[in-house]
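>
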Amino acid sequence: MRPYTQLTPEQRYQIQALLKMGHPYQEIVQVVGVHKSTLSREVRWNQGRHSYRPQPAHRFMLFR
């Protein structure tokens, strides 16, 4: 089992940009270098009304 690492702010912004451009999850996980379940959870936990929000996601991570 790999050690747990949190996403960096850069990875979060990269995810946001790729989602906005309409890239599928399979493509995003290859570019960002995370597991598909990590991406799915990250987007689900940090979904705003209409899109993924990296700024609040990073702030929440700092307080966990």
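Residue numbers for the sequence shown follow the numbering used here, so the first one is 1 and each next one is one higher. Where a beta carbon is used, it is the ideal one built from N, C-alpha and C, also for glycine. In this text the structure is predicted, and so the values were computed from the model without any measurement.
#1: Could you check if Y4 is buried or exposed, using at least 16 other CB atoms within 10 Å of its CB as the buried criterion?
#2: Looking at the secondary structure, which residues open and close the alpha helix (DSSP H) in which Y25 lies?
#3: Between which two residues does the alpha helix (DSSP H) harbouring T38 extend?
#4: Is it the case that the stretch 25 to 39 contacts the stretch 53 to 63, given that we only count it when at least three CB pairs across the two stretches are under 8 Å?
#5: What is the DSSP secondary structure of Y4, reduced to helix, strand or coil?
According to the data block:
#1: Locating residue 4 in the sequence shown gives position 4, counting from the first residue. By the 10 Å Cβ count, Y4 comes out exposed.
#2: One-based indexing of the sequence shown puts residue 25 at position 25. Note, Y25: alpha helix (DSSP H), Y25 to V32.
#3: Here residue 38 corresponds to residue number 38 of the sequence shown, with the count starting at 1. First-last of the alpha helix (DSSP H) with T38: K36 to W45.
#4: no
#5: Mapped onto the sequence shown, residue 4 falls at position 4. The answer is coil: DSSP assigns Y4 none of H, G, I, E or B.
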